[in-house]
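Enquirer:
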Amino acid sequence: MGQTIVIFALTISVGLLLGRIKIKGISIGSTWILFVGILFSHFGARVDPTALAFIKDFGLILFVFAIGLQVGPGFFHSFRKGGVSMNALALAMVLMTVGVTLAIHYISGESLANMVGVMSGAVTNTPGLGAAQQTVQDIMGAQGVDADTVFDTSSMLATSYAIAYPLGVLGLIGLLIVYKSVFKIDLARERKDLEKDDDTASESARRMHCEVENPAIFGKTIRDIVHGSGLKFVISRVMRNGEISVPNSGTVLEKGDKVLIVTTNNDVDMVRIIFGQEISMHKSDWDKLDSNYV
782 MGQTIVIFAL TISVGLLLGR IKIKGISIGS TWILFVGILF SHFGARVDPT
832 ALAFIKDFGL ILFVFAIGLQ VGPGFFHSFR KGGVSMNALA LAMVLMTVGV
882 TLAIHYISGE SLANMVGVMS GAVTNTPGLG AAQQTVQDIM GAQGVDADTV
932 FDTSSMLATS YAIAYPLGVL GLIGLLIVYK SVFKIDLARE RKDLEKDDDT
982 ASESARRMHC EVENPAIFGK TIRDIVHGSG LKFVISRVMR NGEISVPNSG
1032 TVLEKGDKVL IVTTNNDVDM VRIIFGQEIS MHKSDWDKLD SNYV
């Protein structure tokens, strides 16, 4: 087990260090970890099978979890901004990839298990490899195939994946360089345009409904809260004991008050920290109770 930990640590550390190297501004980042692992394995480095299985599954879980956390908050917003067309393109790419894989399998007679590994590596789809290995293990296990054969087939998938993955990464980078030259893409200008769009989106208005739960602001005026935070937000309504009022800078907030806040998308998380979690309300809920105000 000690040797296993050392090999994993060396592989990850060396891979991350090499990932800092850039050639003409291009780096393949953490992909170097895979290449270092292939190199270590070539020279005979071996790890405990049980630890390897755990690291593989746990690493895949962390990968999917981290991606979910990263894209989750803006998923529905992005989906409304062309998400259907993007998902249609993604689906078309998957179907095309599967079609090419099956065609090569039938034309060349290459094992389908090998081709699935090649497909996962060619499109750099690590979760796809994990799913394929699990499917192979389940099917062969249900058929009563011995454990050694199941292990060998699963390893064959991983080997095919490892062979195709570098070409999938480097080939994609190569194509991007070619497309950049052919279509005369100015990366600096594109980056500035993207930053401008991001700034515009982050500064656009966002309505929030929060319940005051932070003891640090109990009994404080809105003036003190606003000036102390340095954020951009406006409290347009306060609900206390079912009654709505229009606050001013001297209004004191108490525990359990419900507030209607307008802020920027960039400050949403900090506003939640200052006041409390958002509550399930809609502007129409305020309008119904707000009918006495002109």
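Under our numbering, read the sequence shown as residues 782 to 1075, first letter to last. All residues carry an ideal CB built from backbone N, CA and C; glycine is no exception. If you're wondering where the values come from, they're calculated on a predicted model, not measured in any experiment.
Are T1032 and M989 close, meaning C-beta to C-beta below 8 Å?
Expert: Taking the first residue of the sequence shown as position 1, residue 1032 is located at position 251. Taking the first residue of the sequence shown as position 1, residue 989 is located at position 208. In this structure, M989 does not lie closer than 8 Å to T1032 by Cβ.
Enquirer: Compare the Cα-Cα distances from E1024 to each of L820, K1013, L833 and V1040 and report the closest residue.
Expert: If you number the sequence shown from 1, residue 1024 lands on position 243. When only C-alpha atoms are compared, the closest one is V1040.
Enquirer: Please look up how many angstroms separate the CB atoms of I802 and S808, rounded, as I've assumed it's under 8 Å.
Expert: Position 21 of the sequence shown, counted from the start, is the residue given in the question as residue 802. Position 27 of the sequence shown, counted from the start, is the residue given in the question as residue 808. Going by Cβ atoms, the distance from I802 to S808 rounds to 6 Å, so yes, they are a contact pair.
Enquirer: Taking C-beta to C-beta, are R1018 and V1027 nearer than 8 Å?
Expert: If you number the sequence shown from 1, residue 1018 lands on position 237. If you number the sequence shown from 1, residue 1027 lands on position 246. Yes; because the gap between Cβ atoms is below 8 Å, this pair is in contact.
Enquirer: Where N1029 and N1047 are concerned, what is the direct C-alpha to C-alpha distance, given to the nearest angstrom?
Expert: As a working note, residue 1029 is residue 248 in the sequence shown. As a working note, residue 1047 is residue 266 in the sequence shown. N1029 and N1047: Cα-Cα distance of roughly 24 Å.
Enquirer: Taking buried to mean at least 16 other C-beta atoms within 10 Å of its own C-beta, is A913 buried or exposed?
Expert: In the sequence shown, the residue the question calls residue 913 occupies position 132. Its Cβ being crowded by 16 or more others within 10 Å, A913 is buried.
Enquirer: Kindly confirm or deny that the stretch 936 to 955 and the stretch 895 to 912 touch, where touching means at least three C-beta pairs closer than 8 Å.
Expert: A contact exists between the stretch 936 to 955 and the stretch 895 to 912.
Enquirer: Please classify M1020 as buried or exposed, where buried requires at least 16 neighbouring CB atoms within 10 angstroms.
Expert: Counting from one through the sequence shown, the residue named residue 1020 turns up at place 239. Counting Cβ neighbours within 10 Å, M1020 comes out buried, since at least 16 surround it.
Enquirer: By a C-beta neighbour count over all protein chains shown, 10 Å radius and 16 as the cutoff for buried, is T930 buried or exposed?
Expert: Locating residue 930 in the sequence shown gives position 149, counting from the first residue. T930 should be labelled exposed.
Enquirer: For the structure I just gave you, are there three or more beta carbon pairs, one from the stretch 805 to 824 and one from the stretch 786 to 793, closer than 8 Å?
Expert: Cβ pair count under 8 Å is three or more, so yes.
Enquirer: Run through DSSP, which three-state label would F1014 get?
Expert: As a working mapping, residue 1014 is identified with position 233 in the sequence shown. In the structure shown, F1014 sits in a strand (DSSP, three-state: E or B).
Enquirer: Decide if T882 is buried, meaning its Cβ has at least 16 other Cβ atoms within 10 Å, or exposed.
Expert: Locating residue 882 in the sequence shown gives position 101, where the first residue counts as 1. Label assigned to T882: buried.
Enquirer: May I ask you to report which of helix, strand or coil DSSP gives H886?
Expert: The sequence position of residue 886 within the sequence shown is 105, counting from 1. Three-state result, H886: helix.
Enquirer: Based on the DSSP secondary-structure assignment, which residues constitute the bridge partners of S1026?
Expert: Counting from 1 along the sequence shown, the entry for residue 1026 is found at position 245. Bridge partners of S1026: V1019.
Enquirer: Could you spell out the range, first to last residue, of the alpha helix (DSSP H) harbouring K1039?
Expert: For the purposes of this step, residue 1039 is identified with residue 258 of the sequence shown, where counting begins at 1. First-last for K1039: K1039 to T1045, but that is the beta strand (DSSP E), not the alpha helix (DSSP H).
Enquirer: Put A826 into one of helix, strand or coil per three-state DSSP.
Expert: As a first step, residue 826 must be located in the sequence shown, where it is residue number 45. Coil at A826, not helix or strand.
Enquirer: My guess is that T916 and G949 are in contact by the Cβ rule of under 8 Å, so how many angstroms apart are they, rounded?
Expert: The sequence position of residue 916 within the sequence shown is 135, counting from 1. The sequence position of residue 949 within the sequence shown is 168, counting from 1. Contact flag wrong, Cβ pair sits at about 21 Å.
Enquirer: Using DSSP's beta-bridge definition, name the partner residues of E1059.
Expert: Stepping through the sequence shown from its first residue, residue 1059 is reached at position 278. Its beta-bridge partners are C991.
Enquirer: Near D1038, which residues of its chain fall below 6 Å by C-beta distance, leaving aside the five closest residues on each side in sequence?
Expert: The sequence position of residue 1038 within the sequence shown is 257, counting from 1. Answer for D1038: V993, V1019 and R1021, listed in chain order.
Enquirer: Find the nearest neighbour of R987 within the set F846, V787 and V1052, judged by alpha-carbon distance.
Expert: Start at 1 with the first residue of the sequence shown, and residue 987 comes out as number 206. The candidate whose alpha carbon is nearest that of R987 is V1052.
Enquirer: Can you check DSSP and say which residues form a bridge with V1033?
Expert: On the sequence shown, position 252 is the one that residue 1033 refers to. The partner list for V1033 (beta bridge, DSSP) reads T1002.
Enquirer: Near C991, which residues of its chain fall below 8 Å by C-beta distance, leaving aside the five closest residues on each side in sequence?
Expert: Within the sequence shown, the letter at position 210 stands for residue 991. If we look at C991 and ignore the five residues flanking it on each side, its Cβ neighbours are K1039, V1040, I1042, V1052, R1053, F1056, G1057, Q1058, E1059 and I1060.
Enquirer: Provide the residue span of the alpha helix (DSSP H) that contains G902, from first to last.
Expert: As a position in the sequence shown, residue 902 is number 121, starting the count at 1. Counting along the chain, the alpha helix (DSSP H) containing G902 begins and ends at L893 to A903.
Enquirer: Going by beta-carbon coordinates alone, are A945 and A884 separated by less than 8 Å?
Expert: The residue labelled residue 945 in the question sits at position 164 within the sequence shown. The residue labelled residue 884 in the question sits at position 103 within the sequence shown. No, the pair does not count as a contact, with Cβ atoms beyond the cut-off.
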